[in-house]
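So the sequence shown is residues 7 to 352, counted in my numbering. Below is one structure, written out as structure tokens, with a few remarks after it.
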Amino acid sequence: MEIRLEKVEVRLKTFLHKLNVKCFVKSTENEQGKISVDNCSKIAPDVKLPKLSLPTFTGNVYEWITFNDLFKAAVHNNDNLSKGQKLQYLLSALKGDALRVVKSIPVSDQNYEVAWSLLEERFSNHREQVFAHIKRFMSIPPIHSESASALLNLVDITFECTRALEILEHKIDGFAEIMFAYVLLQKLDASTKLWFEREFDNITDLTLSKQLDVKKICFPTNICYADPNFYRPTKIDALLGADIFYLLLKPNQIKLQEESIVLQETVFGWVVSGSMNLSKQNSYHCGLVNNLEDLDNQLANFWELESLGIKDTELRNEEDKALEMFNETVCFKDGRYEVGLPWKRD
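Take a look at the structure:
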């Protein structure tokens with residue numbers, strides 16, 4: 007009897023020991039879980055994101071690709087929604103011609119796939135999508151006068167159409183690029199079209215053409231230049247447009263030589279710009295000896311040439327004598343001319 011009691015006591019102690027070990031492990035796991043949850047709750051930021059609204063589709067073929075991608079990501083591929091719920095969301099997102107395609111379908115789990123198939127069959131035709139984007143591009147209203155908003159609208163629609171065509175595996179190159187450029191030019195007003203045709207034959211005419219002597223200018227040596235050999239002429243690596251040029255500038259600036267040379271800090275390093283006086287004005291003294299008599303003779307000859315047709319000549323004197331003789335020998339009396347005999351003076 008005592009032996010049995012001892013065995014029972016040993017078994018009870020063993021059982022209690024195992025039970026204590028399991029309780030300890032569970033409590034440890036719970037504490038670690040609480041700690042990890044608490045840590046996660048402390049790390050996770052308390053940000054409340056706005057609700058996403060479903061995209062709408064009115065039946066424009068060129069809008070189908072965008073609607074298809076967004077609706078599939080939000081509803082179609084969501085396994086937490088039933089097909090009946092997906093159909094309700096689909097009907098609420100459709101308007102106009104798109105809604106009329108599936109409006110008569112009852113809301114049920116079986117009809118969602120039918121409705122979605124009808125929409126894909128109607129609007130996912132590859133050829134019709136290409137034609138829709140080309141038609142949208144061709145229908146851009148022309149610009150009749152200079153207008154920034156109209157020009158931006160032209161650029162935005164053109165980029166949207168070209169990107170959509172590239173997604174549909176129709177790149178704008180070759181003859182298509184020429185046709186697009188021609189259509190765009192017809193959309194521009196006369197003034198903008200004139201600016202479009204302007205071009206520079208050689209941009210290198212505006213760049214450094216010879217090496218500058220910068221020894222007399224004290225340039226800082228503790229800065230990093232974008233081009234350490236900026237004073238030497240070299241080839242142009244790239245041309246930067248005004249749309250990104252000012253994004254590369256930093257606020258620091260250094261001015262030299264009475265502010266005629268400016269050092270500007272950029273993301274590439276410091277650049278040097280400004281003007282330098284390269285011409286040296288040297289004065290020379292020269293003596294000139296000339297004969298004044300020759301100058302007087304030349305001046306006299308000049309005035310003689312200018313007097314042609316004005317100055318009296320010897321022939322003029324003979325004409326005066328003939329006129330004087332005519333007045334003396336010819337007279338007009340009683341309606342008749344009387345002429346004296348040359349050999350008789352009276």
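Here a beta-carbon is modelled for each residue, glycine too, at the ideal position from N, C-alpha and C. On a predicted model such as this, the values are computed, not experimentally measured, just so you know.
Residue of the options minimising C-alpha distance to residue i
{"i": "Ala-170", "options": "Pro-234, Asp-115 and Lys-141", "result": "Lys-141"}
{"i": "Val-268", "options": "Ile-242, Ala-244, Ala-306 and Ile-223", "result": "Ile-223"}
{"i": "Arg-133", "options": "Ile-242, Phe-308 and Glu-175", "result": "Glu-175"}
{"i": "Gly-234", "options": "Val-277, Asn-303 and Ile-242", "result": "The amino acid at residue 234 is misidentified as Gly; the sequence shows Pro. Comparing Cα-Cα distances from Pro-234 to each of Val-277, Asn-303 and Ile-242, the minimum goes to Val-277."}
{"i": "Lys-261", "options": "Phe-181, Gln-270 and Leu-253", "result": "Gln-270"}
{"i": "Pro-348", "options": "His-139, Glu-310 and Thr-335", "result": "Thr-335"}
{"i": "Lys-256", "options": "Val-161, Gly-65, Gly-275 and Gly-247", "result": "Gly-275"}
{"i": "Gln-259", "options": "Asp-243, Leu-246, Lys-241 and Ser-279", "result": "Ser-279"}
{"i": "His-82", "options": "Thr-72, Glu-119 and Gly-180", "result": "Glu-119"}
{"i": "Pro-239", "options": "Phe-251, Asp-219 and Ala-248", "result": "Asp-219"}
{"i": "Ile-173", "options": "His-150, His-139, Gly-247 and Asp-243", "result": "His-139"}
{"i": "Tyr-237", "options": "Asp-326, Glu-127 and Ser-281", "result": "Ser-281"}
{"i": "Gly-90", "options": "Ile-111, Ala-79, Asn-74 and Asp-75", "result": "Ile-111"}
{"i": "Arg-128", "options": "Phe-165, Asn-74, Ala-80 and Gly-180", "result": "Asn-74"}
{"i": "Thr-198", "options": "Asp-302, Cys-292, Gly-346 and His-150", "result": "His-150"}
{"i": "Glu-166", "options": "Phe-181, Gly-180, Tyr-188 and Val-136", "result": "Val-136"}
{"i": "Glu-126", "options": "Ile-178, Thr-72 and Ile-184", "result": "Thr-72"}
{"i": "Ala-156", "options": "Glu-183, Leu-190 and Pro-56", "result": "Leu-190"}
{"i": "Phe-332", "options": "Gly-346, Gln-304, Glu-310 and Arg-342", "result": "Gly-346"}
Pair within 9 Å by beta-carbon distance, residue i and residue j
{"i": "Glu-152", "j": "Asp-85", "result": "no"}
{"i": "Leu-96", "j": "Trp-122", "result": "yes"}
{"i": "Ile-163", "j": "Phe-186", "result": "no"}
{"i": "Val-113", "j": "Leu-93", "result": "yes"}
{"i": "Ile-146", "j": "Asn-131", "result": "no"}
{"i": "Ala-232", "j": "Thr-168", "result": "no"}
{"i": "Gln-359", "j": "Pro-148", "result": "The structure shown has nothing for residue 359, since the chain only spans 7 to 352."}
{"i": "Ser-98", "j": "Leu-60", "result": "yes"}
{"i": "Lys-109", "j": "Gly-65", "result": "no"}
{"i": "Leu-245", "j": "Leu-254", "result": "no"}
{"i": "Phe-338", "j": "Glu-330", "result": "no"}
Coarse secondary structure for residue i, derived from DSSP in three states
{"i": "Val-136", "result": "helix"}
{"i": "Ile-267", "result": "strand"}
{"i": "Ser-279", "result": "strand"}
{"i": "His-150", "result": "coil"}
{"i": "Val-345", "result": "strand"}
{"i": "Asp-340", "result": "coil"}
{"i": "Tyr-231", "result": "strand"}
{"i": "Ser-42", "result": "For Ser-42, the pLDDT reaches just 44, beneath the cut-off of 50, and the residue's location in the model is therefore unreliable, leaving the point undetermined."}
{"i": "Glu-334", "result": "helix"}
{"i": "Leu-255", "result": "strand"}
{"i": "Lys-78", "result": "helix"}
{"i": "Lys-141", "result": "helix"}
{"i": "Thr-272", "result": "strand"}
{"i": "Phe-129", "result": "helix"}
{"i": "Leu-262", "result": "strand"}
{"i": "Leu-100", "result": "strand"}
{"i": "Phe-181", "result": "helix"}
{"i": "Phe-63", "result": "strand"}
{"i": "Cys-224", "result": "coil"}
{"i": "Phe-354", "result": "Past the boundaries of the shown model lies residue 354; the chain is included only from 7 to 352, so the question cannot be answered."}
{"i": "Arg-106", "result": "helix"}
{"i": "Ser-123", "result": "helix"}
{"i": "Gln-116", "result": "coil"}
{"i": "Asp-83", "result": "Reading off the sequence, residue 83 comes out as Asn, not Asp. Three-state result, Asn-83: coil."}
{"i": "Ser-88", "result": "coil"}
{"i": "Phe-30", "result": "Reliability fails at Phe-30, whose pLDDT of 45 lies under 50, so the model's placement of it is uncertain and no value is given."}
{"i": "Ala-400", "result": "The requested residue 400 is not part of the displayed model; the chain covers only 7 to 352."}
{"i": "Asp-243", "result": "coil"}
{"i": "Glu-175", "result": "coil"}
{"i": "Lys-327", "result": "helix"}
{"i": "Phe-308", "result": "helix"}
{"i": "Tyr-95", "result": "helix"}
Rounded Cβ spacing between residue i and residue j (contact assumed at less than 8 Å)
{"i": "Phe-63", "j": "Ala-104", "result": "5 Å"}
{"i": "Val-107", "j": "Leu-124", "result": "5 Å"}
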